[in-house]
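Visitor: Below is the structure I would like to discuss, written out as structure tokens.
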Amino acid sequence: MSYFDSFSISRKLGIMGGTFDPIHYGHLVAAEAVRDRFQLDKVLFIPSGNPPHKNSKNVTDAIHRYNMTLLATAANPYFEVSRIEIDRKGITYTIDTIKELMTLYGSGTELFFITGADALLEILTWYKVDELLKLCNFVAATRPGFNKKDLEQKLHEIKSKYSKEVFQIEIPSLAISSTDIRTRVNNNHTFKYLLPESVEQYIIKHGIYRE
Ligand code: NAP
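Using the numbering used here, the letters of the sequence shown map in sequence onto residues 12 to 222.
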């Protein structure tokens with residue numbers, strides 16, 4: 012029996028994919044905004060494993076990113092965290108994640124993959140993108156100051172090539188960025204109120220982002 016078999020009403024699952032290094036309020040607001048806009052039944056946060064475009068040496072250990080995501084999402088009953096990518100060996104491609112989730116949740120489930128617009132600008136280079144666009148909806152979260160022209164152009168290209176609409180949603184609180192938080196920690200500057208206090212305490216306790 013799949014997860015949604017016990018809920019007969021709707022079957023819409025948000026998949027929040029990202030490195031979450033660290034997770035911050037911008038990510039949480041984006042997930043909640045998309046949940047509300049598309050009336051999702053839940054949002055599954057999936058900290059990335061070893062994606063093809065990143066050098067894993069520059070990314071914090073998966074277990075820390077997973078634990079921080081657990082702490083950050085604990086208060087929202089619609090949010091869950093998955094180890095599906097961090098437990099997978101080798102390069103982690105989104106297509107494999109989507110297929111695994113379809114098996115787990117049942118084929119009647121509509122999937123919405125949510126991620127940063129910068130990441131989605133590159134989607135045409137992703138592994139098996141044609142199949143991916145058939146299986147799943149995509150939502151691009153933009154941060155203030157983001158060049159929407161590039162995004163509109165890319166979304167237009169995707170629509171004409173694959174007849175697929177990629178949704179976009181503007182998230183003002185995505186002015187917060189993981190890169191900025193890492194720099195602040197390393198330079199001994201405050202990073203309070205940019206992420207949940209539990210995550211702040213976790214970073215301090217484990218000495219993460221201090222070179
Ligand atoms: P990234 O390059 O670290 O981030 C790109 C931008 O998007 C950053 O500005 C980032 O801000 C923001 N962002 C990342 N995740 C977000 C989210 N869930 N909501 C809102 N903003 C978000 O991108 P990434 O995290 O490595 O990759 C994003 C997702 O795409 C991952 O799930 C990854 O596995 C997938 N991906 C798949 C393939 C493939 O299958 N071939 C290739 C590339 C990426 P912050 O730094 O503040 O988070």
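A virtual CB, placed ideally from N, CA and C, is assigned to each residue, including glycine.
Since L146 is in the alpha helix (DSSP H), which residue starts that stretch and which ends it?
Guide: It spans V140 to L146 - the alpha helix (DSSP H) in which L146 sits, taken as one unbroken run.
Visitor: Provide the residue span of the alpha helix (DSSP H) that contains I26, from first to last.
Guide: No alpha helix (DSSP H) holds I26; the beta strand (DSSP E) holding it covers K23 to G29.
Visitor: Return the Cβ separation of L24 and L55 in integer angstroms, given the expectation that the two are a contact with Cβ distance under 8 Å.
Guide: So it is a contact: roughly 6 Å between Cβ atoms.
Visitor: Beta-carbon within less than 8 Å of S17's beta-carbon, same chain only, minus the 5 sequence neighbours each way: which residues are those?
Guide: Because the pLDDT at S17 is just 48, under 50, the model does not fix this residue reliably, and the point stays unresolved.
Visitor: When we look at the beta-carbon of G119 and count the other beta-carbons within 10 Å, is it buried (16 or more) or exposed?
Guide: Exposed.
Visitor: Leaving out the 5 sequence neighbours to the left and right, which residues in its chain are closer than 7 Å to V177 when beta-carbon positions are compared?
Guide: Taken in chain order, the residues that qualify are L131, F149, A151, L166 and I169.
Visitor: Taking the CB atoms as reference points, tell me whether E96 and S67 lie closer together than 8 Å.
Guide: No, the Cβ-Cβ distance between E96 and S67 is not below 8 Å.
Visitor: Output the distance between the C-alpha atoms of N158 and I180, rounded to the nearest integer angstrom.
Guide: Between N158 and I180, the C-alpha separation is close to 13 Å.
Visitor: Can you list, in chain order, the residues of its chain whose CB lies under 6 Å from that of C147, leaving out five sequence neighbours each side?
Guide: Result list for C147: I109, L122 and F124, in chain order.
Visitor: Any heavy atom of the ligand NAP inside 7 Å of the beta-carbon of K65?
Guide: Result yes, Cβ under 7 Å from the ligand NAP.
Visitor: Does the beta-carbon of G28 have 16 or more other beta-carbons within 10 angstroms, so that it is buried, or is it exposed?
Guide: Buried is the call here.
Visitor: DSSP beta-bridge partners for V54?
Guide: Note: V54 sits in a beta bridge opposite G25 and F90.
Visitor: Under a three-way DSSP split, which group does T120 fall into?
Guide: Of the three classes helix, strand and coil, the one that applies to T120 here is coil, per DSSP.
Visitor: Please return the same chain residues whose Cβ sits closer than 8 Å to the Cβ of V196, not counting the five positions on each side in sequence.
Guide: For V196, where only same-chain residues beyond five positions count, the Cβ hits under 8 Å are F202, I214, I219, Y220 and R221.
Visitor: Could you pull out every residue in the same chain whose Cβ sits closer than 6 Å to the Cβ of I102, ignoring the five residues on either side in sequence?
Guide: Only N61 and P63 meet the Cβ criterion.
Visitor: Do you know offhand how far V210's Cα is from A83's?
Guide: Answer to the nearest angstrom: the Cα atoms are 6 Å apart.
Visitor: Would you mind working out which of K172, M113 and R154 sits nearest D129, comparing C-alpha positions?
Guide: When only C-alpha atoms are compared, the closest one is R154.
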